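Please read the structure below before turning to the comments.
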Amino acid sequence: MIWKQFEIDKKYLENQYSSDNWDANSGMSLELLTKKCEKIAFDPNKSRCIVRSELICAVLENAQIEINPFDWFQDKINHGDIISCIEKKWLDEALSESEESLKCRRKLLSESYACTGDQDFGHCIPDWKRILKYGIPGLRNIAVQKLKLCSDAKQIEFYTSCISVANALICLLNRIADSAETAGQKYEKQKLVSKSLRNLALGAPTDILEAMQLIIIYYEMQTFVEGTLIRSLGSIDALLYEYYVGDLKSGKYTEEQIREFLDYFMYKLMAKAVTANVPICIGAADENFGPNELSYIFLDEYSRLGIYDPKIHIRYNKYTSDAMLRKIFENIRLGHNSYVFLNDSVISTSLENIGIDKSDSMDYAIVGCYEPCVNGKEVPCSCNGRINMPKAIEFVLNNGLDVKTGKIAGLNTGALTNFLIFEDFYNAVKKQIEYFANSTMEFITEVEKKYPQIHTAPMLSMSFGSCMENGIDAYEGGADYNNSSINAFGIANLVDSLEVIRYIVYENGEMTLEEFAKIVLNNWEGYEKLRLRCKKDFPKYGNDDAEADNLATELMSYTASLINGKSNGRGGIFRFGAFSIDWRIYFGGGTWATPDGRLAGDPISKNVDAVAGEDKNGVTSLINSVTKFDFNHIPNGSVLDVTLHNTAVSGEDGMTAMYGLLKTFMDNGGMAIQFNVLDEKMLTNAQKHPENYKNLQVRLCGWNVYYVNLSKKEQDDFIKQLKESR
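Under the working numbering, the sequence shown has 502 at position 502, and the numbering climbs by one with no breaks.
This is how it looks when you write it as structure tokens:
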């Protein structure tokens with residue numbers, strides 16, 4: 001019996017990556033494999049490109065295997081993060097060669113939590129269409145043909161590395177097939193699993209089981225062995241649709257059996273417990289594909305499973321049906337909050353504005369949380385840099401001095417007595433932001449020039465048509481678009497702080513800037529009444545207030561202008577993003593008190609949201625504020641988080657309200673929006689009795705988690721948001 005087993009098998013699936021049972025006869029022990037790799041890693045007579053391919057091959061060809069006899073999809077090998085550990089040494093070695101002045105400035109700005117600029121090998125998507133079309137043998141054959149016509153030494157190394165890694169992947173497929181075949185003597189399911197793996201070792205997938213298995217294998221090996229983290233499985237309903245139709249037509253599998261495959265597929269992705277979840281996309285803007293029958297099946301099975309991972313990106317466009325939205329809203333109202341809605345037209349335009357061809361701009365995926373990336377043609381490095389916008393206020397008030405470290409980390413913008421009018425102070429803040437942006441780009445450019453010493457990516461590269469055509473690795477400029485990205489966050493704290501200063505110092509003349517700065521730099525000690533007034537009074541971003549919103553819009557546009565289109569270190573340009581994810585907690589911990597009443601060390605505002613609790617005029621006003629931004633110039637993505645009490649969206653009226661909020665946001669030019677529909681009574685009970693709420697989900701930053709797994713501080717934050725939203 002191999003069908004209708006999912007509910008029985010679940011208990012063997014959910015913890016498959018948290019415990020190990022390696023087959024000692026299937027390969028080298030981790031200790032021996034590590035020694036083998038360390039011997040390869042620092043060969044001075046070989047290029048880093050060849051060394052890395054040899055490391056990948058060593059792992060794929062020799063790592064021990066574990067078969068889960070209850071799963072349809074096999075991918076577990078004992079790689080031990082060997083290559084990632086070696087790469088860390090390469091990175092340290094490369095950065096040690098930086099100029100001392102640059103290293104010093106990087107350290108000062110990082111330790112002050114003002115800005116950071118680093119490498120990013122963790123946000124990419126391979127060309128899933130090419131992978132499924134050609135299979136691994138087909139990708140290898142393309143490299144073989146290119147090598148025959150090649151005479152350039154560096155290109156020869158590139159094609160050779162791709163061929164070696166493809167052969168190692170084929171070897172791995174056969175090794176796993178051998179283990180599955182052995183398991184099949186006892187577990188009938190593994191006979192079919194072994195057959196599917198053998199077929200993939202010979203060519204492209206021919207059915208939906210093989211297509212899913214190939215996706216799982218490629219995801220696992222590129223992400224955790226090569227170390228080039230795949231952050232999207234692409235438009236999964238479109239990618240698998242032809243296999244779905246073909247299998248139904250031929251009678252190979254029934255719809256019920258395909259639904260069962262999907263259950264195992266998604267449960268496996270959840271079991272991986274990948275940081276920030278594994279994203280999949282539903283509803284691509286293509287009249288031939290999406291949404292299709294498979295889109296609805298994915299949504300049905302995802303809801304039925306009650307899981308929080310993978311997270312689902314919904315592309316909103318002219319093909320998005322009311323029926324599909326209704327199904328999603330029903331899921332969200334049930335507490336399945338792992339959805340983000342994306343505005344196709346805005347995202348496409350934002351990509352075109354940084355030089356991406358119109359024909360490519362609509363074929364995008366979201367890599368990570370909200371970051372658009374052209375499928376199979378772009379390496380966006382979407383989290384290279386971070387800019388803490390409220391830190392600019394601290395540096396102006398303290399003339400470049402970081403309060404916590406006591407070191408000069410920002411610009412010397414002059415004595416506060418020089419700022420005679422508000423515009424003087426405002427311009428000083430903008431100078432600090434410009435300094436952050438320029439420094440971050442300089443840090444990133446410097447490390448990118450060292451990428452060939454640190455990271456080559458044969459698995460990612462062999463899937464890219466441009467890399468294979470030109471014989472250049474994806475991280476050396478081989479992609480069509482070789483971009484880098486910087487994200488700025490804390491806009492609400494910055495704007496609200498500026499508005500407080502505008503009124504208390506310049507409009508009302510209640511005290512001098514020096515007097516007010518002293519209060520803030522003393523963390524409001526002895527001035528609690530004034531602090532609360534600064535929190536509650538004065539114009540606040542997020543309330544459809546023209547003055548505050550215009551200031552926010554101007555600052556966002558200004559910061560985008562500093563970054564978008566500037567040249568990076570590998571033949572591409574920089575892209576601007578405006579999201580915070582959980583950095584707001586880390587960077588908030590290093591940011592001193594701000595004039596809007598925020599205390600030193602508190603988290604800073606999230607994404608493009610208002611300061612928590614300060615959007616007093618309701619969600620429609622919040623949407624009106626946020627959509628004043630020109631998201632056409634935020635190509636690295638942004639998002640609005642909306643938390644709603646479940647009573648606000650109950651019944652048919654509630655369904656209509658959700659439609660209305662989404663449509664208003666999209667029609668007004670918003671980029672991305674995500675919802676949490678919760679009940680504070682339920683959340684409070686879940687704190688007290690977590691055993692009764694194991695499957696209660698919340699959308700956190702850019703991913704979903706189980707509520708009971710959050711810290712009490714994080715749980716309290718959700719309860720507070722709900723109380724203040726009523």
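Glycine included, each C-beta is placed from N, C-alpha and C at the ideal position.
These numbers were taken from a predicted model, which means no experiment stands behind them.
When you compare the CB positions of residue 396 and residue 492, do they come within less than 9 Å of one another, or not? no
Jot down the residue ranges of each uninterrupted alpha helix (DSSP H) in the stretch 124-202, minimum 4 residues, whole runs only, in chain order. 128-148, 153-183, 189-202
Can you tell me which of 663, 350, 176, 278 puts its alpha carbon nearest to the alpha carbon of residue 704? 278
Tell me which same chain residues have a C-beta within less than 7 Å of the C-beta of residue 381, skipping the five on either side of it? Counting only Cβ-Cβ distances below 7 Å, and skipping sequence neighbours, we find 120, 123, 483, 484, 485.
Which term fits residue 72, buried or exposed, when burial requires 16 or more other beta carbons within 10 angstroms of its beta carbon? The residue in question, residue 72, is buried, as its Cβ has 16 or more Cβ neighbours within 10 Å.
For residue 563 and residue 349, the rounded distance between their alpha carbons: 17 Å
With DSSP run on the structure shown, which of helix, strand or coil describes residue 406? coil
Can you say whether residue 1 is buried or exposed, counting buried as having 16 or more other CB atoms within 10 angstroms of its CB? exposed
What are the boundary residues of the alpha helix (DSSP H) that residue 438 is part of? 422-448
Name the DSSP beta bridge partners of residue 456, please? DSSP, once it has assigned bridges, lists no residue as partnering residue 456.
Thinking C-alpha only, which one of 606, 585, 586 is nearest residue 579? Of all alpha-carbon atoms in 606, 585, 586, the one lying nearest the alpha-carbon of residue 579 is that of 606.
Considering Cα atoms alone, identify which of 284, 263, 195 is closest to residue 239. 284
When you compare each of 82, 20, 438, 52 to residue 35 by their alpha carbons, which one comes out closest? 82
Between 67, 85, 79, 522, which lies nearest to residue 42 when the distance is taken from Cα to Cα? 85
So, for residue 367: in the same chain, excluding its five sequence neighbours on each side, which residues have a beta-carbon less than 7 Å away from its beta-carbon? 123, 124, 125, 231, 232, 373, 380, 382
With a threshold of 16 other CB atoms inside 10 Å of the CB of residue 295, please say whether the residue is buried or exposed. buried
Pull the bridge partners of residue 645 from the DSSP assignment, please. 678
What whole-angstrom Cβ distance do residue 176 and residue 56 have, given they're in contact under 8 Å? So it is not a contact: roughly 16 Å between Cβ atoms.
If distances are taken between C-alpha atoms only, which option among 675, 674, 709 comes closest to residue 690? 709
Beta-carbon within less than 8 Å of residue 181's beta-carbon, same chain only, minus the 5 sequence neighbours each way: which residues are those? 190, 191, 194
What are the residues that DSSP puts in a beta bridge with residue 230? 124
Residue interval of the alpha helix (DSSP H) (run including residue 470): 465-470
Tell me the start and end of each unbroken beta strand (DSSP E) in the stretch 288-330 that is at least 3 residues and wholly inside, in chain order. 311-316
Identify, in the order they occur along the chain, each residue of the same chain with its Cβ nearer than 7 Å to the Cβ of residue 454, setting aside the five sequence neighbours on each side. 87, 90, 91, 94, 119
Are the stretch 308-325 and the stretch 620-634 touching by the rule of at least three beta carbon pairs closer than 8 Å? no
Reference residue 461, options 248, 479, 672, closest by Cα: Ranking 248, 479, 672 by Cα distance to residue 461 puts 479 first.
For residue 449, which residues of its own chain have a beta-carbon under 7 Å away from its beta-carbon, when the five flanking residues on both sides are left out? 569
Can you list, in chain order, the residues of its chain with a C-beta nearer than 6 Å to that of residue 437? Leave out the 5 residues immediately preceding and following it. 562, 563
What runs of the alpha helix (DSSP H), each 4 residues or longer, lie entirely inside the stretch 611-661? 619-626
Give the secondary structure of residue 510 by DSSP, where H, G and I count as helix, E and B as strand, and everything else as coil. Coil at residue 510, not helix or strand.
C-alpha distance - residue 114 paired with residue 590, whole-angstrom precision: 8 Å
Contact set for residue 321: own chain, Cβ-Cβ below 8 Å, skip 5 residues either direction: 291
Looking at the secondary structure, which residues open and close the alpha helix (DSSP H) in which residue 94 lies? 82-95
For residue 67, does the three-state DSSP call read helix, strand or coil? coil
Are the beta-carbon atoms belonging to residue 315 and residue 344 less than 9 Å from one another? yes
Return yes when the Cβ of residue 391 is within less than 9 Å of the Cβ of residue 112, no when it is not. yes
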